[in-house]
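S.K.: Numbering (the working numbering), first residue to last: 9 to 170.
1) If we call anything under 8 Å between Cβ atoms a contact, is residue 171 one with residue 73?
2) Assign residue 76 to one of three DSSP states: helix, strand, or coil.
3) Does the beta-carbon of residue 130 have 16 or more other beta-carbons within 10 angstroms, so that it is buried, or is it exposed?
4) Give the straight-line distance between the Cα atoms of residue 173 and residue 99, rounded to the nearest whole angstrom.
5) Run through the region 112-156 for me and flag every whole alpha helix (DSSP H) of 4 or more residues, listed as ranges in chain order.
6) With DSSP collapsed to three states, give me the class of residue 94.
7) Can you tell me the Cβ-Cβ gap for residue 67 and residue 147, rounded? I've got them flagged as a contact below 8 Å.
8) Hey, would you say residue 124 sits closer than 8 Å to residue 113, going by beta carbons?
9) In this structure, does DSSP put residue 15 in helix, strand or coil?
10) Could you give the first and the last residue of the continuous alpha helix (DSSP H) run that contains residue 59?
11) How is the alpha helix (DSSP H) around residue 42 delimited, first residue to last?
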């Protein structure tokens, strides 16, 4: 009985940890389309929002891209550039920080931010495809169901008649 409880507990811990894992932080070196597309989307002066839905975070404030670049992924002193028996991975850096493309949204419309991973073709799960923001409001998620059902995002208010 104790053994099955421990196994269940460990399995639950693994699944919880796995749900919050990086999805598109490191991109395989052979998939250059993803990183090049992300760099174009996150060009200087583009606006973006950071939002990790699986983590339970709230969307960040709208930020401006000061600089972005593509580098080999690093972890501590290790550089994953394909030498020394290590695989080669690329990472997109925005404003000096490595970004997981699954949790960054770029402005694609006046009030809409789209998920960069989805726009570049990096497979993700558990994240909304869009965030909607109204003037003076924090960005809020928009689901595929919202779009399919023709519902307006919850934060949107009807226009006032003059």
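Built from N, CA and C at the ideal position, the CB exists for glycine as well.
M.R.: So, from the listed chains and residues:
1) Examination of residue 171 is not possible in this model, given that the chain is present from 9 through 170 alone.
2) To locate residue 76, count along the chain shown from 1; it is residue 68. If DSSP states are grouped into helix, strand and coil, residue 76 belongs with the strands.
3) If you number the chain shown from 1, residue 130 lands on position 122. Answer is buried; the Cβ neighbour count reaches 16.
4) In this structure the chain extends from 9 to 170, so residue 173 is not present and cannot be described.
5) Runs found: 124-128, 152-156.
6) Residue 94 sits at position 86 when you count from the first residue of the chain shown. Residue 94 falls in the coil class under three-state DSSP.
7) For the purposes of this step, residue 67 is identified with residue 59 of the chain shown, where counting begins at 1. For the purposes of this step, residue 147 is identified with residue 139 of the chain shown, where counting begins at 1. Sure, about 4 Å apart at Cβ, within 8 Å.
8) The residue you call residue 124 lines up with position 116 of the chain shown. The residue you call residue 113 lines up with position 105 of the chain shown. With contacts defined as CB atoms closer than 8 Å, residue 124 and residue 113 qualify as a contacting pair.
9) The sequence position of residue 15 within the chain shown is 7, counting from 1. Here the model assigns residue 15 a pLDDT of 34, short of 50, so the residue's position is not dependable and the matter cannot be decided.
10) If you number the chain shown from 1, residue 59 lands on position 51. Element bounds for residue 59: n/a, residue is neither H nor E.
11) In the chain shown, residue 42 corresponds to position 34, counting from 1. Looking at the DSSP string, the run of the alpha helix (DSSP H) that includes residue 42 is 40-49.
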